[in-house]
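Student: Just so it is clear: in the sequence shown, position 322 is 335 by this note's numbering, and no numbers are missing. Every residue, glycine too, gets a C-beta built ideally from N, C-alpha and C. Below is a structure I'd like to ask you about.
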Amino acid sequence: MSKPPLICLMGPTASGKTDLAIALCEQLNCELVSVDSALVYRGLDIGSAKPDYPHHLVDIRDPADPYSAADFAADANRLAVEITSRGKIPLLVGGTMLYFKAFLEPMADMPPADPAIRASIEAEATEHGWPHIHAELAKVDPAAAARIHPNHSQRLARALEVYRATGKPMSEWHELHQNSAPVPADTYDIKQLVICPTDRAVLHQRIALRYELMMQAGFLDEVKALQERGDLTSDLPALRAVGYRQLWEHLEGQTNLEEAVEKGIAATRQLAKRQLTWLRKWPDLAWTYTDADGNLKEFVSPEEPSPDVSGLTTVEATLNYLNIAPM
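Put into structure tokens, the structure is as follows:
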């Protein structure tokens, strides 16, 4: 008996993922599942480029209520079952690579966040620096410290938080439950695709333009409204999202608006770079390369040789690769 299909559409920010996903939905019997750590939060609309087209896992949490990769994996697994039971195809689309990894490679049932311990770790980092936190982690969990770069503050804090909360290293938690969760590849015929401009300069131009349009649409007022709630702080995952953090700092008087916008654009470019770094190491990906106008330039399949896509649109080449009958 053949496995039901499941599509994962990945890519850096501003690469055209959402447009391609919607176009695929118009051809295939799909439901979209957002894979984006900002879109889950209500009130983060303009700065997250929240789509109008229906997606699951959008606006499901208040910004004061953190949402983790483990939360996403559980929700995505549940939705994949529900969507498939309706005779439709789950299409997971987004750029939060840790969410994709958590779904495709199930993680341990990690202990919940401990705000008090996290606050003490962040205070320690403020006083001594994140390299000090990395060194502290290396003492108690060398395996995790070897995997986490000293500049990755959120991952460092979480790993040390887990140890201080439970007395057990995060790497041990992973090993304990490594094979306990169902692996989607055992259940679904998974196709993984990336869409990305051939020229990185095109991506940078899109990022700058999108940021400018978000500012014109009221991005600053959106962040101001979040800050004026009074119950949110800049260390919450929702407010650490690219763009939000920089405007929050501006509203606190740390930068002028021009500096905040420049920092937001630079941070978004860095995010795109990190996303591409993840993707280049990702196995079994089909790469869709586009030009400045979004037209197909090249399609590289994980199987050799790659198909001839001469004269095809991006959507047509993607449909050919997926080899799923239209609805």
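Take every Cβ of the segment 72-82, pair it with every Cβ of the segment 130-144, and state whether three or more of those distances are shorter than 8 Å.
Tutor: Taking 8 Å as the limit for Cβ pairs, the verdict is that the segment 130-144 does not touch the segment 72-82.
Student: Between the segment 254-261 and the segment 207-218, can you find at least three pairs of beta-carbon atoms closer than 8 Å?
Tutor: In short, these stretches do not touch, since the Cβ pair count stays below three.
Student: So what's residue 99 in DSSP terms, helix, strand or just coil?
Tutor: Position 86 of the sequence shown, counting from 1, holds the residue named residue 99. Looking at residue 99 - three-state DSSP - the assignment turns out to be coil, as it is neither helix nor strand.
Student: For residue 306, which residues from the same chain have a beta carbon less than 7 Å from its beta carbon, with the 5 sequence-adjacent residues on both sides left out?
Tutor: Taking the first residue of the sequence shown as position 1, residue 306 is located at position 293. So the list is empty, once near-sequence residues are dropped.
Student: With a threshold of 8 Å, are at least 3 pairs of Cβ atoms found where one atom belongs to the segment 168-175 and the other to the segment 53-71?
Tutor: Contact between the segment 168-175 and the segment 53-71 is absent, because fewer than three Cβ pairs lie under 8 Å.
Student: Apart from the five residues just before and just after residue 97, which ones in its own chain have a Cβ nearer than 6 Å to its Cβ?
Tutor: The sequence position of residue 97 within the sequence shown is 84, counting from 1. 17.
Student: According to DSSP, residue 74 sits in a beta bridge with which residue or residues?
Tutor: Translated into the one-based positions of the sequence shown, residue 74 becomes position 61. According to DSSP, residue 74 bridges with 54.
Student: Jot down the residue ranges of each uninterrupted alpha helix (DSSP H) in the segment 172-241, minimum 4 residues, whole runs only, in chain order.
Tutor: Counting whole runs of 4 or more residues, the segment 172-241 contains the alpha helix (DSSP H) stretches 183-189, 197-200, 213-229 and 232-241.
Student: Could you check if residue 154 is buried or exposed, using at least 16 other CB atoms within 10 Å of its CB as the buried criterion?
Tutor: Along the sequence shown, one-based indexing puts residue 154 at 141. That one is buried.
Student: What does the alpha-carbon distance come out to for the pair residue 168 and residue 117?
Tutor: On the sequence shown, residue 168 is found 155 positions in, with the first residue counted as 1. On the sequence shown, residue 117 is found 104 positions in, with the first residue counted as 1. Answer to the nearest angstrom: the Cα atoms are 19 Å apart.
Student: CB-CB under 7 Å to residue 319, same chain, minus the five flanking residues each way: which ones, in chain order?
Tutor: Numbered from 1 along the sequence shown, position 306 holds the residue referred to as residue 319. For residue 319, where only same-chain residues beyond five positions count, the Cβ hits under 7 Å are 312 and 313.
Student: Assuming contact is defined by CB atoms lying nearer than 8 Å, are residue 19 and residue 202 in contact in what I supplied?
Tutor: By one-based count along the sequence shown, residue 19 stands at place 6. By one-based count along the sequence shown, residue 202 stands at place 189. For residue 19 and residue 202, yes; Cβs fall inside 8 Å.
Student: Apart from the five residues just before and just after residue 15, which ones in its own chain have a Cβ nearer than 8 Å to its Cβ?
Tutor: As a position in the sequence shown, residue 15 is number 2, starting the count at 1. Excluding residues within five positions, the ones whose Cβ falls inside 8 Å are 202.
Student: Please name the residue in 298, 57, 139 and 125 whose C-alpha comes closest to that of residue 81.
Tutor: Position 68 of the sequence shown, counting from 1, holds the residue named residue 81. That would be 125, whose Cα lies nearest to the Cα of residue 81.
Student: Could you tell me if residue 180 is buried or exposed, where buried requires 16 or more neighbouring beta carbons within 10 angstroms of its beta carbon?
Tutor: What you label residue 180 is simply residue 167 of the sequence shown in a count that begins at 1. Result: exposed.
Student: DSSP puts residue 44 in a beta bridge; with which residues?
Tutor: As a position in the sequence shown, residue 44 is number 31, starting the count at 1. Partner(s): 103.
Student: Suppose the cutoff is 6 Å on Cβ atoms and the five residues either side in sequence are ignored; what does the same chain contact list for residue 130 look like?
Tutor: Within the sequence shown, the letter at position 117 stands for residue 130. So the list reads 174, 177 and 178, once near-sequence residues are dropped.
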